[in-house]
Structure formats: C-alpha cells, structure tokens
Amino acid sequence: MESVQAIKQRFELIGNDPKLNRAIEKSIQVAPTDISVLVTGESGVGKESIPKIIHSLSHRKHAKYIAVNCGAIPEGTIDSELFGHEKGAFTGATQTRRGYFEVADGGTIFLDEVGELPLTTQVRLLRVLENGEFLKVGSSQVQKTDVRIVAATNVNMFEAIKKEKFREDLYYRLSTVEIGIPPLRERQDDIHLLFRKFASDFGQKYKMPTIRLSDDAVNLLLKYRWPGNIRQLRNIAEQVSVLEEKRIVTATTLHGYLPNSNSTNLPAVVGDSEKRGGDFSNEREILYKVLFDMKGDLNDLKKLTLELLKNNDSDKVQEENETLIQKIYGSKDEPEIPVENTEIAAEVLQLPEPVIENSNPIITQEDRYHFAEEIQEEETLSLQEKEIELIKKSLERNRGKRKAAASELGISERTLYRKIKQYDL
Numbered sequence: 050m051e052s053v054q055a056i057k058q059r060f061e062l063i064g065n066d067p068k069l070n071r072a073i074e075k076s077i078q079v080a081p082t083d084i085s086v087l088v089t090g091e092s093g094v095g096k097e098s099i100p101k102i103i104h105s106l107s108h109r110k111h112a113k114y115i116a117v118n119c120g121a122i123p124e125g126t127i128d129s130e131l132f133g134h135e136k137g138a139f140t141g142a143t144q145t146r147r148g149y150f151e152v153a154d155g156g157t158i159f160l161d162e163v164g165e166l167p168l169t170t171q172v173r174l175l176r177v178l179e180n181g182e183f184l185k186v187g188s189s190q191v192q193k194t195d196v197r198i199v200a201a202t203n204v205n206m207f208e209a210i211k212k213e214k215f216r217e218d219l220y221y222r223l224s225t226v227e228i229g230i231p232p233l234r235e236r237q238d239d240i241h242l243l244f245r246k247f248a249s250d251f252g253q254k255y256k257m258p259t260i261r262l263s264d265d266a267v268n269l270l271l272k273y274r275w276p277g278n279i280r281q282l283r284n285i286a287e288q289v290s291v292l293e294e295k296r297i298v299t300a301t302t303l304h305g306y307l308p309n310s311n312s313t314n315l316p317a318v319v320g321d322s323e324k325r326g327g328d329f330s331n332e333r334e335i336l337y338k339v340l341f342d343m344k345g346d347l348n349d350l351k352k353l354t355l356e357l358l359k360n361n362d363s364d365k366v367q368e369e370n371e372t373l374i375q376k377i378y379g380s381k382d383e384p385e386i387p388v389e390n391t392e393i394a395a396e397v398l399q400l401p402e403p404v405i406e407n408s409n410p411i412i413t414q415e416d417r418y419h420f421a422e423e424i425q426e427e428e429t430l431s432l433q434e435k436e437i438e439l440i441k442k443s444l445e446r447n448r449g450k451r452k453a454a455a456s457e458l459g460i461s462e463r464t465l466y467r468k469i470k471q472y473d474l
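Mapped onto my numbering, the consecutive letters of the sequence shown carry residue numbers 50 to 474.
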C-alpha cells in the first residue's frame with residue numbers, strides 16, 4: 050500500500066493539512082474494494098483528485114475511467130448520456146448509442162455534482178447501485194454492468210433531501226464511505242505553499258521570472274476567505290504572473306486582484322463625514338420607530354379603555370384581552386415596573402365599579418365614549434409626516450415588498466396597506 054506522501058507526489062497534491070491527509074488515507078484504504086464513495090466539499094477544493102486516486106489503486110485501474118459532470122448535461126438528455134438509447138427512442142435518435150455505464154463496464158465512473166441529477170435519473174442510478182442493471186432509453190431489455198461509482202457534490206445533501214431534491218435511499222447507497230475535502234480557508238499553512246507552486250508553474254509556462262510576495266502580501270493572502278478555494282487561488286496566481294511587471298508583489302498590488310476583499314477580516318476605512326452621516330440617519334430612524342411603537346401602544350390602551358367602559362366588567366375584559374395586556378405591560382416573567390407606573394396601570398385595567406355605576410345614570414350612551422373618540426381624532430402633523438417618510442424609505446429598501454416592509458416597521462401587512470391607502474403612497 051502506497052504512503053500518503055507518495056500519493057501526493059504522484060498526483061501533484063500540495064499541502065500538509067491533517068484533514069487533507071486523512072482524506073487521502075481514506076482513499077487509499079477504500080481503493081482495493083468496490084465500495085461506493087461520496088466525496089464532499091466546496092466548489093474548487095480539488096474533489097476530482099480523489100476518484101483518480103481510488104481508480105489508480107484499485108483492481109480496475111486497467112479498465113475505463115470516465116468522469117461525468119452531471120450539472121453540465123441538460124435534464125432531457127442525461128438519461129441518454131448515462132445509460133444510452135435505442136434508435137428512434139426520441140426525435141434526433143438516428144442510431145443506437147452506448148451510454149457511459151455500458152462503455153465503462155469493468156471500470157470506474159466519477160459522477161461530479163451528483164446533487165444536480167434529476168429525480169427520474171436518480172431512480173435509474175439507484176437500480177444500478179443495487180443490482181448493476183439498467184435500461185437504455187427506448188428499450189425494454191435489461192442490461193447488466195459492473196461499474197464502480199465514485200460521486201462528488203458541493204451541495205448540502207441533508208438539505209437537498211429535506212427539500213425533496215435528492216432521494217434519501219440513493220444518498221445512503223452512494224455514501225457508503227464519505228470523504229470530505231476541507232476548504233482552502235481552513236488550510237492556513239497550505240495557502241502560501243500553493244501560491245508559490247502555482248507562481249513557479251506559470252513562471253515556467255510563460256518564460257518569465259517567478260513572482261514573489263512581500264510579508265504584508267502573504268498576510269493578506271492568509272486573511273482572505275477564498276470562496277473559490279484552490280481554483281480561485283490558481284487563477285489569481287496566473288493573473289499576477291502575467292500582468293505585473295515587478296516580480297515582488299506587495300499587499301497593495303495584491304489587493305486589486307482579490308474580489309470582494311472588503312469581506313475579509315481586515316479593517317475597513319470609512320470617511321469621517323460618511324460615518325457621521327450614517328450614524329445620524331440610523332439614530333433618527335430608530336427614534337421614529339420608537340415613536341411609532343409608542344403610538345401603537347397608545348392605540349392599544351384606547352381600545353382596552355373602551356372595552357372597560359363598554360362591558361363594565363374588568364375581570365372579563367382582562368381575560369378576553371390577556372394577549373393585548375401582555376403586549377402593553379409585558380409578561381409576568383419580565384422585571385417589575387416602577388410603583389408609580391404600576392398604580393397607573395391598575396387604574397386603567399381595574400376601574401373601581403362604584404365609579405362606573407355612579408356615572409351610568411349621568412352619562413348617556415352617546416356621551417359615554419366621547420373621551421375615547423376625542424383621543425382617536427388627535428394627530429400630530431409632524432409625526433404623521435415622519436411616519437409617511439419612514440414608510441416610503443422602508444418600501445424603497447424592500448423594493449416595494451409590503452410584507453417585508455411591514456415586518457421592518459413592526460406592524461401588520463394589513464395595517465401597512467391601510468396606511469398606504471390613507472396617505473396615497
């Protein structure tokens with residue numbers, strides 16, 4: 050059995066990360082068997098190296114090795130590509146065609162981006178994994194094949210299964226052994242090593258001196274997140290090798306080649322005027338939001354007071370409006386409010402019965418709710434203008450989506466719709 054270091058040299062794998070070494074060890078161990086393997090990892094981490102290692106160390110190494118990118122084949126033709134078709138099976142099928150599973154009989158098939166397979170194709174693939182049988186498109190004759198399948202994906206398979214985009218039984222068939230490849234950002238010690246290797250290769254390829262990084266450029270290289278992983282690192286090394294005249298690259302120069310470099314852990318420089326303006330704008334909007342919340346609480350209090358005046362039964366009103374009371378005064382688990390506020394709350398929620406009884410003969414049905422109606426008509430013009438301004442801004446930020454705007458403003462979608470109609474927005 051070959052060592053990890055020998056495999057790295059043979060397949061030109063760079064790095065000493067423990068997770069990478071463990072992935073290579075697992076590949077060496079499963080290679081002599083016919084176990085199905087699922088390789089997982091982000092796009093660009095080098096998943097295609099694992100099936101090559103497995104095939105070259107297996108007893109199938111002298112047979113065919115076929116790599117298929119499942120995400121690059123259109124859904125309508127993928128069954129024909131994998132399993133073949135009979136003449137006349139569909140429009141354009143002018144002759145019988147052998148599929149990859151038939152051609153690779155006795156060898157290995159690498160299914161890259163297997164998570165992109167259509168559900169109908171997944172059923173056919175499951176049958177091949179279970180008993181080695183498949184049907185050509187347009188044929189009723191069952192054919193047998195002896196193929197080892199190594200699959201790879203950058204999709205979260207459990208999420209895909211939950212969303213019913215991938216069959217659970219097929220996942221467990223494919224992942225008899227699962228090999229995970231770590232992303233480049235988790236291989237800190239390997240980043241500069243890989244960059245030097247790529248820079249050396251491109252220097253030889255384009256017949257020019259190899260570029261080198263200054264210390265600050267190396268630090269920038271290590272702090273960048275590398276969403277494209279090794280593939281992105283290789284592309285940047287090639288760009289810098291070709292475009293830069295100076296062979297010593299500084300952090301300032303390298304920064305121009307790193308897209309979305311503001312998303313790194315590096316500090317961002319913000320102008321003083323921009324900072325002050327942003328802070329003022331945010332604080333003002335927060336104050337407006339607080340005012341509207343207070344206005345909403347006041348309206349709830351009006352409603353509660355009106356219910357007390359109508360029903361003349363504080364216990365019943367408290368029971369029927371328990372949710373509303375908790376919203377205004379908070380739950381029982383919250384810290385107690387000051388004594389003076391508690392007294393005010395008690396006066397609102399539990400009006401003494403004698404007061405209501407004594408006032409019943411005097412107050413007419415028309416005058417009884419006069420106080421509540423007067424409060425509802427009160428409106429501050431400046432507050433209304435600020436409310437309109439805040440609603441407009443929220444709608445602009447959410448591109449006119451009322452549900453998102455209502456959630457941001459802390460009101461219901463129905464209330465927002467009513468306000469839009471009221472203010473003719």
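The C-beta atom is built at its ideal place from N, Cα and C for all residues, glycine as well.
Just so you know, these numbers come straight off a predicted model, no measurement behind them.
Cβ-based burial, residue i [other Cβ within 10 Å; buried from 16]
i      : result
Tyr472 : exposed
Pro123 : exposed
Gly95  : buried
Phe215 : buried
Pro231 : buried
Met206 : buried
Lys75  : buried
Tyr255 : exposed
Thr170 : buried
Val117 : buried
Leu474 : exposed
Val339 : exposed
Leu270 : buried
Val79  : buried
C-alpha distance - residue i paired with residue j, whole-angstrom precision
i      : j      : result
Ser456 : Glu462 : 8 Å
Phe341 : Gly459 : 9 Å
Gln192 : Glu182 : 6 Å
Ile73  : Val53  : 6 Å
Asn70  : Thr194 : 33 Å
Ala138 : Thr259 : 56 Å
Arg467 : Lys365 : 30 Å
Asn65  : Asp238 : 8 Å
Ala55  : Arg446 : 56 Å
Leu233 : Gln58  : 19 Å
Arg283 : Phe247 : 6 Å
Arg109 : Ala142 : 32 Å
Ile335 : Asn309 : 30 Å
Gln190 : His104 : 30 Å
Cβ shell of residue i (< 6 Å), same chain only, five flanking positions each side left out
i      : result
Asn203 : Glu91, Ser92
Val196 : Phe150, Ala153, Ile158
Lys185 : Phe132, Gly133, His134, Glu135
Leu262 : Val298
Val88  : Lys96, Ile99, Ala201, Ile228
Thr285 : Reading the sequence as shown, one finds Ile at residue 285 and not Thr. Closer than 6 Å at Cβ, skipping near neighbours: Tyr306.
Cβ-based neighbour list, residue i, same chain, cut-off 7 Å, excluding 5 preceding and 5 following
i      : result
Lys101 : Phe60
Arg443 : As written in the sequence, residue 443 is Ser, which differs from the Arg given in the question. Within the same chain, Ser443 has close Cβ partners Ala454, Glu457, Leu458.
Ser249 : Thr259
Ala112 : Gly155, Gly156
Tyr220 : Met206, Ile210
Proximity winner among the options, relative to residue i (alpha-carbon distances)
i      : options                        : result
Asp12  : Lys450, Asn370, Val186         : Here the chain comprises residues numbered 50 to 474, so residue 12 is not present and cannot be evaluated.
Gln253 : Leu168, Glu287, Val226, Thr299 : Glu287
Leu160 : Ala209, Ile73, Ser98           : Ser98
Ile198 : Val226, Gly187, Ser249, Phe207 : Val226
Gly164 : Val172, Ala209, Val186         : Ala209
Leu243 : Met343, Glu213, Trp275         : Trp275
Asp265 : Leu223, Lys246, Arg283, His241 : His241
Leu307 : Gln58, Ser105, Lys272          : Lys272
Thr82  : Leu106, Thr89, Leu62           : Leu106
Beta-carbon proximity list for residue i, same chain, < 8 Å, skipping 5 on both sides
i      : result
Pro167 : Glu124, Ile127
Gln144 : Lys136
Arg222 : Ser85, Leu175, Leu178, Glu179
Val267 : His241
Leu465 : Ile440, Arg451, Ala454, Ala455, Leu458
Leu62  : Ile56, Leu69, Ile73, Gly95, Ser98
Interface flag, residue i vs chain C, CB-CB below 8 Å
i      : result
Lys185 : The question asks about chain C, but that chain is absent: this structure has only one protein chain.
Which complete alpha helix (DSSP H) runs does the segment 182-260 hold, if anything under 4 residues is left out? 206-211, 217-223, 237-254
At what residue ranges does the segment 117-154 contain a whole run of the alpha helix (DSSP H), taking only runs of 4 or more? 127-132, 149-152
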